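Just so you know, the sequence shown maps onto residues 385 to 1025 in my numbering.
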Amino acid sequence: MGMTIAQKILKEHLVDGEMVQGQEIGFRIDQTLTQDATGTMAYLQFEAMGVDQVRTERSVAYIDHNTLQSGFENADDHKYIGSVAKKHGIYYSKAGNGICHQVHLERFGAPGKTLIGSDSHTPTGGGIGMLAFGAGGLDVAVAMGGGAYYIPMPKMVRVNLTGKLSPWVSAKDVILDVLRQMTVKGGVGKIVEYAGEGVATLSVPERATITNMGAELGATTSVFPSDGETRRFLEAQDRGDVWVELSSDPDAVYDEEYTVDLSALEPLAAMPHMPDNVKPVAEIGAIKVNQCCIGSCTNSSYYDMMKVASILKGKTVHPDVSLTISPGSKQVFNMLAQNGALADIIAAGARILECACGPCIGMGQSPESAGVSLRTFNRNFEGRSGTQDAQIYLVSPEVAAASALAGVLTDPRTLGEMPAIEMPEHFVINDNMIVRPAENPAEVEVVRGPNIKPFPLGKALEASYTGRVVLKTEDNITTDHILPAGAKLLPYRSNVPYYSNYCFINVDPEFPARCKEQGGGVIVGGANYGQGSSREHAALVPLYLGVKAVLCKSFARIHKANLVNSGILPLTFADPADYDAINLLDEIALPHVLEEIKNGSQVTVVCGGRTFKADCDVSDRQRGALLAGGTLNYAKEQAAQ
């Protein structure tokens, strides 16, 4: 039987388990990346492992999230990450060099390699044929130390691309259409592979936009073949030597198949407040727009920015619209400056932001009260922009630029003939903002600022547990719900005790105080609990607050793994109807939990006078971690044996 691209790469890197669907596999990781919002914890955990030098082929620490330095906290975190990187063999991309996924695609990624990153949009690397996964910081730390990365063997999904994109229709519309078909839950436990005649018509930046937003499907990762187009991109980056050809076998078997007719697509938008709430721009109509933000790891490539510059050239942004531009990397920014496109953007009245995540992570540029903001980003969860009642639409750069000029949501097909944008034969190469590791690591002192606090550790599982239901939530709770980001709170990612005061505040402002009053407890949730980012703070902070278990209908992949890593029990209702009978502050007991987890049996739950069963669907390795109170505790136990 033939193999898919993902199966080929996994087989080549497999170190533990069998590639049987649903069974846990462990595989070797070639490259890692971190960003500064998750990096501090990842490197604290790496230091706790006691490994002197990273054992990957390449590990890179990026500064791209917490770049607004309104206090000492972010600058201190950057200093810590920079020093720990220099000491332990990690490359360090300074603030201003660009967004991790864009820079990694340009300068480090390679077809056929495995990559994990402490950021959920790491699958961007699938655009050049990498098998790239978002993961929690501890998983990245383990991989840097030479350990395997573990996931349940995913299902394989083929998305067949036919035809060719029409003028003014873009890669963003492709992934929005896939989201429309599969939904934000449709990719859970699956790897999405793009295939068909339409693949050859898409450039690497277009492919990367599509794999980037595979995270919004809940997919384990997404991947494109590595072909002649991939080779041209890598050669233009002076990295043609890393190219290998990659494709699936003609007789490869897929669990699901979808088709996107590129020729039939039209400009689309994801409406508030979910990436799968997709409608055609023409159908939504000419709603008034207050803000347009172009950039993020989804749409900040040179190719995207040149399209925007060509639309804005010689025109003026509507007086009622604030237009912001965030180039994805210094390379992109520099090339725009050299070819005059940056002047066209500035002359039109756009605000140029630095090469960073910026508004996407809530780092500035929050919309006005009840404002309508069109964003070329990947998420439009309620409140993520920093304005709770803002209406956020996800669109392509073409739609955003056309709408910024018109002042209303605009179908760019009304602009006439589309300018032809060619990919450059050679990119400008200047890696002077990437700091190499020290030649003499012993001479490097790791610098820790006063805001950097130790990460919490779980405790070994006891025979039984009794507590209260400290929160009950609906479906599709995101990590942004669990722990808000934004300019006011992100500086405290290194300070879990302080950050804990903001856990779930946009869902229930009383949650932190209730947890402290009750000494922790159990969170009850709906389906797809923990979707969104890879931030392990969404597990570490509840751990600090004393949360012992999350009992829900289903989990998002990365968050479930982070809960296990932290020693929090990830339980799912055996009968989802039992969710309805549970109320806030009900007493909830797990009378035989130690024995049941140890034996791999269903967990008995007693709540409100009723007894029912919950599943704890974990691997033997994860079971050991839960019994020990978390993965770090478990690793230390294993090492001591």
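Glycine residues also receive a C-beta, built at the ideal position from the N, C-alpha and C atoms. Remember, predicted model here, so these are calculated numbers, not experimental data.
Whole-angstrom distance between residue j and residue i, CA atom to CA atom
i	j	result
E823	D436	13 Å
Q722	Q486	19 Å
T794	V779	11 Å
Y446	T988	44 Å
N458	L452	7 Å
N860	Y913	6 Å
Q391	T863	29 Å
H1026	R763	It is not possible to answer for residue 1026, since the shown part of the chain is limited to 385 through 1025.
L630	L974	49 Å
E971	E1021	33 Å
Y687	Y534	35 Å
G602	E827	43 Å
N674	M387	49 Å
Q621	S587	14 Å
F617	K556	19 Å
R852	L969	5 Å
D962	F996	7 Å
G353	V637	With the chain covering only 385 through 1025, there is no way to say anything about residue 353.
N816	F456	25 Å
S938	T604	15 Å
H397	T850	43 Å
A945	G529	18 Å
M514	E667	36 Å
D633	P609	11 Å
G724	S477	26 Å
Residues that DSSP places opposite residue i in a beta bridge
i	result
P536	E408
F765	None; F765 has no bridge partner.
E971	R852
I383	Examination of residue 383 is not possible in this model, given that the chain is present from 385 through 1025 alone.
P954	V934
L652	P664
S606	V576
S757	Q675, I776
V990	A973, T995
L417	V444, G501
A636	G386
V626	Per DSSP, none; premise fails for V626.
T546	D645
Y883	Answer by DSSP bridge pairing: none, since Y883 is not bridged.
V1002	For V1002, which the question treats as bridged, DSSP gives no partner whatsoever.
Y913	F939
G482	S713
I736	I709
V468	According to DSSP, which records beta bridges pairwise, V468 is partnered with nothing at all.
V792	K672
V583	In the DSSP output, where bridge partners are listed per residue, V583 has none listed.
V541	V576, E640
Any chain C beta carbon closer than 9 Å to residue i
i	result
E858	Of the chains in the structure shown, none is chain C; there is only one protein chain.
Endpoints, the beta strand (DSSP E) within which residue i is located
i	result
L398	398-400
E640	640-645
R877	Neither: R877 is in no beta strand (DSSP E) and is coded neither H nor E.
L707	706-709
I907	905-908
Span of the alpha helix (DSSP H) around residue i
i	result
F617	612-620
G518	Not the alpha helix (DSSP H): G518 falls in the beta strand (DSSP E), residues 515-518.
P926	921-928
T863	863-866
D561	555-566
Q437	No alpha helix (DSSP H) contains Q437, which DSSP labels as neither H nor E.
V524	521-528
C741	First-last for C741: undefined, no H or E at that position.
E846	Where E846 is concerned, there is no enclosing alpha helix (DSSP H), given that its DSSP letter is neither H nor E.
Y687	686-696
T1015	1015-1024
Three or more C-beta pairs below 8 Å linking the region 742-759 and the region 866-878
The region 742-759 vs the region 866-878: in contact.
Closer than 8 Å is the cut-off here; do at least three beta carbon pairs connect the region 949-964 with the region 882-893?
By the C-beta criterion, the region 949-964 is judged not to be in contact with the region 882-893, since fewer than 3 inter-stretch pairs fall below 8 Å.
Pairing CB atoms from the region 823-843 with CB atoms from the region 1009-1019, are three or more of them under 8 Å?
Touching, per the Cβ criterion.
Under 8 Å: do the region 486-498 and the region 405-419 share three or more Cβ pairs, one atom per stretch?
Counting Cβ pairs under 8 Å, three or more are found: they touch.
Any contact between the region 908-924 and the region 413-429? By contact I mean 3 or more CB pairs, one from each, below 8 Å.
Three or more Cβ pairs closer than 8 Å define a contact, and the region 908-924 meets that threshold against the region 413-429.
Three or more C-beta pairs below 8 Å linking the region 704-722 and the region 501-515:
Segment contact: the region 704-722 against the region 501-515, fewer than three CB-CB distances shorter than 8 Å; contact not assigned.
Any chance the region 900-912 sits against the region 924-932, with 3 or more Cβ pairs inside 8 Å?
With contact defined as three or more Cβ pairs closer than 8 Å, the region 900-912 and the region 924-932 are in contact.
Okay, do the region 779-793 and the region 538-558 touch, 3+ Cβ pairs below 8 Å being the bar?
Counting Cβ pairs under 8 Å, three or more are found: they touch.
Counting pairs of beta carbons, one from the region 568-583 and one from the region 665-672, are three or more of them closer than 8 Å?
No, they do not touch.
Using 8 Å as the Cβ pair cut-off and three pairs as the minimum, do the region 784-794 and the region 688-697 touch?
Per the Cβ contact rule, the region 784-794 is in contact with the region 688-697 (3 or more Cβ pairs under 8 Å).
Between the region 754-774 and the region 675-685, do three or more beta carbon pairs fall short of 8 Å?
Yes: at least three Cβ pairs fall under 8 Å.
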